[in-house]
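Take 404 as the starting number for the sequence shown in my numbering and just add one per residue.
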Amino acid sequence: MSDGTEVGSAFADSSGAFTAPVEFTRIEAGRHTVVAECGVRLTGAVDQVVTRSSGGQTGTLVILVFFVLAGITVIRFR
Numbered sequence: 404m405s406d407g408t409e410v411g412s413a414f415a416d417s418s419g420a421f422t423a424p425v426e427f428t429r430i431e432a433g434r435h436t437v438v439a440e441c442g443v444r445l446t447g448a449v450d451q452v453v454t455r456s457s458g459g460q461t462g463t464l465v466i467l468v469f470f471v472l473a474g475i476t477v478i479r480f481r
């Protein structure tokens with residue numbers, strides 16, 4: 404569980420070891436505590452980092468528009 408939401412499940416092997424994939428339903432930047440309860444309470448931390456937005460083409464569009472307008476200006480005043 405993380406912040407009261409189930410993010411994964413797992414079964415322990417005969418020695419008590421387990422591996423659990425963790426899948427968050429929401430991406431929220433910051434540190435999140437993950438808790439596993441199996442007779443004892445185990446805690447760990449996961450850091451979520453947002454590295455890129457889906458609208459990353461804005462800079463390219465601005466540069467393209469600048470050069471188109473500059474080209475029109477040069478042709479017009481030639």
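Every residue, glycine too, gets a C-beta built ideally from N, C-alpha and C.
Distance between beta carbons of Gly442 and Ser424, contact taken as under 8 angstroms: For the purposes of this step, residue 424 is taken as residue 21 along the sequence shown, with counting starting at 1. For the purposes of this step, residue 442 is taken as residue 39 along the sequence shown, with counting starting at 1. It is worth fixing the name first, because residue 424 is Pro in this sequence and not Ser. Actually they are not in contact, since the Cβ atoms of Pro424 and Gly442 sit about 21 angstroms apart, beyond 8 angstroms.
Identified DSSP bridge partners for Arg434: One-based indexing of the sequence shown puts residue 434 at position 31. According to DSSP, which records beta bridges pairwise, Arg434 is partnered with Asp450.
Nearest-angstrom Cα separation, counted from Val453 out to Phe480: By one-based count along the sequence shown, residue 480 stands at place 77. By one-based count along the sequence shown, residue 453 stands at place 50. Going from the Cα of Phe480 to the Cα of Val453 covers about 46 angstroms.
Alpha carbon of Asp406 to alpha carbon of Phe414, nearest angstrom: Position 3 of the sequence shown, counted from the first residue, corresponds to residue 406. Position 11 of the sequence shown, counted from the first residue, corresponds to residue 414. Cα to Cα, the separation comes out at about 21 angstroms.
Alpha carbon of Thr408 to alpha carbon of Gly462, nearest angstrom: Reading the sequence shown from its first residue, position 5 is the one you call residue 408. Reading the sequence shown from its first residue, position 59 is the one you call residue 462. Approximately 37 angstroms between the Cα atoms of the pair.
Cut-off 7 angstroms between Cβ atoms - residues of its own chain near Gly447, not counting five sequence neighbours on either side: Taking the first residue of the sequence shown as position 1, residue 447 is located at position 44. Once the five neighbours on either side are set aside, the close Cβ partners of Gly447 are Val437.
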